[in-house]
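Just so we're aligned, residue 42 is where the sequence shown starts under the numbering used here, counting upward by one.
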Amino acid sequence: MERNLQTIINPCKFSKFALANRLDLLMEMEQHFDNKDEEYFKNLVNHEDLIIRTRAVCILADISGERAIESIGQVLLNDSDPLVRHEAAFSLGQLGFKSGIEPLSKAVLNDPSFFVRHEAAVALGVIGSEEARKTLERALNDESEEVRESAMIALANLDYISHVKRTNKFTTLTGG
42 MERNLQTIIN
52 PCKFSKFALA
62 NRLDLLMEME
72 QHFDNKDEEY
82 FKNLVNHEDL
92 IIRTRAVCIL
102 ADISGERAIE
112 SIGQVLLNDS
122 DPLVRHEAAF
132 SLGQLGFKSG
142 IEPLSKAVLN
152 DPSFFVRHEA
162 AVALGVIGSE
172 EARKTLERAL
182 NDESEEVRES
192 AMIALANLDY
202 ISHVKRTNKF
212 TTLTGG
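Right under this line is the structure:
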């Protein structure tokens, strides 16, 4: 069952102590971000707080580039929370490296959450590689309309890239 976003971000759900700890950790994260501390954020993708894990994924993608693909791919395939996995799929798409295709393909075909499968399909379209075509074609048969439509849009981008024989900002912005 998909989680209601309000139950996740509602501050009433957290004790003042937990909220204060998160705020302290976010301030600490900012310092490590300024120092581009990859190892720190690689460790935080396993933190118990899904908000911290989500931020760690985004920051790791920003400061590490392609070096982050393996860590973010593991989050996509193994995190317990669909929101965190969704953010991992989004980050892999934004990074745009072909090395992100394998974990994204696995997520498109196997993730229990349509929310994650949809975002993984979009991310494959953003990457824009023919290597993703078979996966996206299989996703056209997904039980979720959102996933099927995302695969259709991603495939349209692959067709466009194949036609114009280039990948650029336009193709990545319209990939999903």
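Heads up, the beta-carbon is just placed ideally off N, CA and C, and yes, glycines get one too.
Since the model is a prediction, treat every value here as computed from it, not as a measurement.
Grab me the residues of Ser-154's own chain with a C-beta within less than 8 Å of its C-beta, minus the 5 sequence neighbours each way, in chain order.
Along the sequence shown, one-based indexing puts residue 154 at 113. Answer for Ser-154: Glu-43, Pro-123, Arg-126 and His-127, listed in chain order.
Pairwise C-alpha distance: Gly-137 and Ala-61
By 1-based counting over the sequence shown, the position of residue 61 is 20. By 1-based counting over the sequence shown, the position of residue 137 is 96. The alpha-carbon atoms of Ala-61 and Gly-137 are separated by roughly 36 Å.
Compute the beta-carbon to beta-carbon distance between Glu-80 and Ile-104, rounded to the nearest angstrom, for a pair I have assumed lies under 8 Å.
For the purposes of this step, residue 80 is taken as the residue at position 39 of the sequence shown. For the purposes of this step, residue 104 is taken as the residue at position 63 of the sequence shown. Here Glu-80 is actually not in contact with Ile-104; their C-beta atoms are around 11 Å apart, not less than 8 Å.
Going by the beta-carbon positions, is the gap between Leu-66 and Ile-100 smaller than 8 Å?
As a working mapping, residue 66 is identified with position 25 in the sequence shown. As a working mapping, residue 100 is identified with position 59 in the sequence shown. Taking 8 Å as the Cβ cut-off, Leu-66 and Ile-100 do not qualify as a contacting pair.
Tell me which same chain residues have a C-beta within less than 8 Å of the C-beta of Glu-184, skipping the five on either side of it?
Locating residue 184 in the sequence shown gives position 143, counting from the first residue. These residues qualify, in order along the chain: Phe-155.
CA-CA distance, Asn-76 and Glu-69?
Here residue 76 refers to the residue found at position 35 when the sequence shown is read from its first residue. Here residue 69 refers to the residue found at position 28 when the sequence shown is read from its first residue. Glu-69 has its alpha-carbon roughly 11 Å from the corresponding atom of Asn-76.
Please report the distance separating the alpha-carbon of Ala-180 from that of Ala-97.
Here residue 180 corresponds to residue number 139 of the sequence shown, with the count starting at 1. Here residue 97 corresponds to residue number 56 of the sequence shown, with the count starting at 1. Cα-Cα distance, rounded: 29 Å.
Between Ser-132 and the rest of its own chain, which residues show a CB-CB distance below 7 Å, the 5 nearest in sequence each way excluded?
In the sequence shown, residue 132 corresponds to position 91, counting from 1. Only Val-98, Cys-99, Ala-102 and Ile-113 meet the Cβ criterion.
By how many angstroms is the C-alpha of Ala-161 removed from the C-alpha of Ser-121?
On the sequence shown, residue 121 is found 80 positions in, with the first residue counted as 1. On the sequence shown, residue 161 is found 120 positions in, with the first residue counted as 1. Between the C-alpha atoms of Ser-121 and Ala-161 there is a straight-line separation of about 16 Å.
Less than 8 Å between the beta carbons of Gly-134 and Ala-164, yes or no?
The count along the sequence shown starts at 1 and reaches residue 134 at position 93. The count along the sequence shown starts at 1 and reaches residue 164 at position 123. Contact flag set, yes.
Between Lys-139 and Val-167, what straight-line distance do the alpha-carbon atoms span, to the nearest angstrom?
Within the sequence shown, numbered from 1, the residue matching residue 139 stands at position 98. Within the sequence shown, numbered from 1, the residue matching residue 167 stands at position 126. Taking the CA atoms as reference points, Lys-139 sits about 11 Å from Val-167.
From Thr-212 to Ala-197, what does the alpha carbon distance come to, in whole angstroms?
Within the sequence shown, residue 212 is the residue found at index 171, counting from 1. Within the sequence shown, residue 197 is the residue found at index 156, counting from 1. Approximately 10 Å, taken between the alpha carbons.
Out of curiosity, what's the CA-to-CA distance linking Leu-85 and Leu-117?
The residue given as residue 85 occupies position 44 in the sequence shown. The residue given as residue 117 occupies position 76 in the sequence shown. One Cα belongs to Leu-85, the other to Leu-117, and the distance between them is close to 14 Å.
Cβ-based burial, Val-157 [other Cβ within 10 Å; buried from 16]
Stepping through the sequence shown from its first residue, residue 157 is reached at position 116. Counting other Cβ atoms within 10 Å of its Cβ, Val-157 reaches 16 or more and is therefore classed as buried.
Please identify the residue among Gly-169, Asp-90, Arg-207 and Lys-206 whose C-alpha is closest to the C-alpha of Met-193.
As a working note, residue 193 is residue 152 in the sequence shown. For the residues Gly-169, Asp-90, Arg-207 and Lys-206, the minimum Cα distance to Met-193 belongs to Gly-169.
Pick out whichever of Glu-187, Ala-195, Asp-90 and His-159 has its Cα sitting closest to the Cα of Glu-171.
Residue 171 sits at position 130 when you count from the first residue of the sequence shown. The option with the nearest alpha carbon to Glu-171 is Ala-195.
Sorry if obvious, but does the Cβ on His-73 come closer than 7 Å to a heavy atom of the ligand FAD?
Absent from the structure shown: the ligand FAD. Ligands present: none.
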